[in-house]
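In what follows, a structure is listed as structure tokens, so that the remarks can point back to it.
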Amino acid sequence: MKTRGCLLTVMIVFIGCQLHAQTILSKTETVAIFTDSIKAKNGIKSPIRRAYTYNDKTGKYYLALSESIDSIAADNDTLHYTIKGTCLQETPEGLVKKWELNDHKRPDMDEESSIWFWTKLCEVKDLDGDGIVEPLIVYGSAGLNGTDDGRIKILLYYKGQKTAIRHQNSVLDDGRITDIDAAFYTLPLPIQQHIRKLMKTLADKNFAIFATNYEAKMNKKAIHIE
Numbered sequence: 000m001k002t003r004g005c006l007l008t009v010m011i012v013f014i015g016c017q018l019h020a021q022t023i024l025s026k027t028e029t030v031a032i033f034t035d036s037i038k039a040k041n042g043i044k045s046p047i048r049r050a051y052t053y054n055d056k057t058g059k060y061y062l063a064l065s066e067s068i069d070s071i072a073a074d075n076d077t078l079h080y081t082i083k084g085t086c087l088q089e090t091p092e093g094l095v096k097k098w099e100l101n102d103h104k105r106p107d108m109d110e111e112s113s114i115w116f117w118t119k120l121c122e123v124k125d126l127d128g129d130g131i132v133e134p135l136i137v138y139g140s141a142g143l144n145g146t147d148d149g150r151i152k153i154l155l156y157y158k159g160q161k162t163a164i165r166h167q168n169s170v171l172d173d174g175r176i177t178d179i180d181a182a183f184y185t186l187p188l189p190i191q192q193h194i195r196k197l198m199k200t201l202a203d204k205n206f207a208i209f210a211t212n213y214e215a216k217m218n219k220k221a222i223h224i225e
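First residue of the sequence shown: 0, per numbering that gives the first Met the number 0; consecutive thereafter.
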């Protein structure tokens, strides 16, 4: 009986992991799902950089992250001026848009050269164990000093609602500004902790330059830090 009980537990854990697992789609799979008609219907005009599929207790979803290709820099780096994220749910009537995000290189800042998804930091997981996946999207821009004076955005979609952390990097102390949606502090604690760990990773890897006291201020639920 004890062996059967252990086996049942393993099966439940395995099924749970499968239910909430994310899969990065191959190029062939991406083309098959995001057909020309689906892209046209949902306003996806730029090449898809990465696409995911995931399942949770609310259904099956597809998420596409697309970036425009606008110029090639002197170092052969591709420059992107606009980005778009599109989340579609599979329904009996076909794929239905659940949410989308749009952003662009700031036209009022000549020194901002490109904006793109930081796909190595994006996650499509159930972060709080409630059976619903919370997509976590990270992207940023580059300025005259690369990402050192670019922007960073962390977007979390919790039960369909977007919560954002917006950060301006700077090589100058008084130029570093972080704005946090008040809703961040109402998210389940495991999600808050996960995002704060992500912020620390960004700082440790020199992607983000936060104010020296940002963690202490977040402990006090600050929404504007500089």
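Quick reminder that beta carbons are idealized off the backbone N, C-alpha and C, glycines included.
Review point. Just the Cα atoms here: how many angstroms apart are THR85 and LYS158?
Key: Answer to the nearest angstrom: the Cα atoms are 15 Å apart.
Check your understanding: Is GLU225 near the ligand SAH, going by C-beta to nearest heavy atom under 7 Å?
Key -> By its list of ligands, the structure shown contains no ligand whatsoever, and the ligand SAH lies outside what it can speak to.
Practice item. For VAL12, count neighbouring C-beta atoms within 10 Å of its own C-beta (all shown protein chains included) and say buried if the count is 16 or more, exposed if not. Key: Low local confidence applies: a pLDDT of 37 at VAL12 is under 50, so the model's placement there is unreliable, with the coordinate-based value given in what follows. That one is exposed.
Point to revise | Touching by the beta-carbon criterion (3+ pairs, under 8 Å), the segment 167-184 and the segment 130-138 | key: no
Check your understanding: Among LEU24, LYS104 and GLN192, which one has its Cα closest to the Cα of TYR53?
Key -> LEU24
**Study point:** Cβ neighbour criterion (16 or more within 10 Å) applied to ILE82
**Key:** buried
Review point. Start and end of the beta strand (DSSP E) containing GLU66?
Key: 58-66
Practice item. Taking GLY149 and LYS56 to be in contact with their CB atoms under 8 Å, please state how far apart those CB atoms are, rounded to whole angstroms. Key: The pair is not a contact, with the Cβ atoms about 37 Å apart (cut-off 8 Å).
Check your understanding: Mind checking PHE206: buried by the 16 CB within 10 Å criterion, or exposed?
Key -> buried
**Study point:** Own chain, CB closer than 6 Å to GLU89, minus 5 neighbours either side, in chain order
**Key:** Only LYS59 meet the Cβ criterion.
Point to revise | For ARG165, the residue or residues it bridges with in DSSP | key: LYS152 and ASP178
Review point. In whole angstroms, what is the alpha-carbon distance linking GLU214 and GLU225?
Key: 12 Å
Check your understanding: Would you call LYS220 buried or exposed, if buried means 16 or more other Cβ atoms sit within 10 Å of its Cβ?
Key -> exposed
Check your understanding: Roughly how many angstroms lie between the CA atoms of ASN75 and LYS119, to the nearest whole one?
Key -> 21 Å
Check your understanding: If you run the structure through DSSP and keep just helix, strand and coil, what is PHE13?
Key -> Below a pLDDT of 50, predicted positions are generally treated as unreliable, and PHE13, at 38, falls in that range; the measurement from the model is reported next regardless. It is helical.
Review point. For SER70, does the three-state DSSP call read helix, strand or coil?
Key: strand
Point to revise | Nearest-angstrom Cα separation, counted from TYR61 out to LYS216 | key: It is roughly 36 Å from the alpha-carbon of LYS216 to the alpha-carbon of TYR61.
Check your understanding: ARG49 bridges to which residues according to DSSP?
Key -> According to DSSP, ARG49 bridges with LEU64.
Exercise for review: Within its chain, find whatever has a CB closer than 7 Å to the CB of THR29; leave out the 5 residues flanking it on each side and keep chain order.
Suggested key: ILE47 and ALA50
Review point. Which same chain residues, not among the five before or five after HIS79, have their C-beta less than 7 Å away from its C-beta?
Key: Hits under 7 Å: GLU66, SER67, ILE68, ASP69, SER113, ILE114 and TRP115.
**Study point:** Of the listed residues LEU64, PHE183, ARG195 and VAL95, nearest to GLN160 (C-alpha basis)
**Key:** In this structure, PHE183 is the residue among LEU64, PHE183, ARG195 and VAL95 with its C-alpha nearest to the C-alpha of GLN160.
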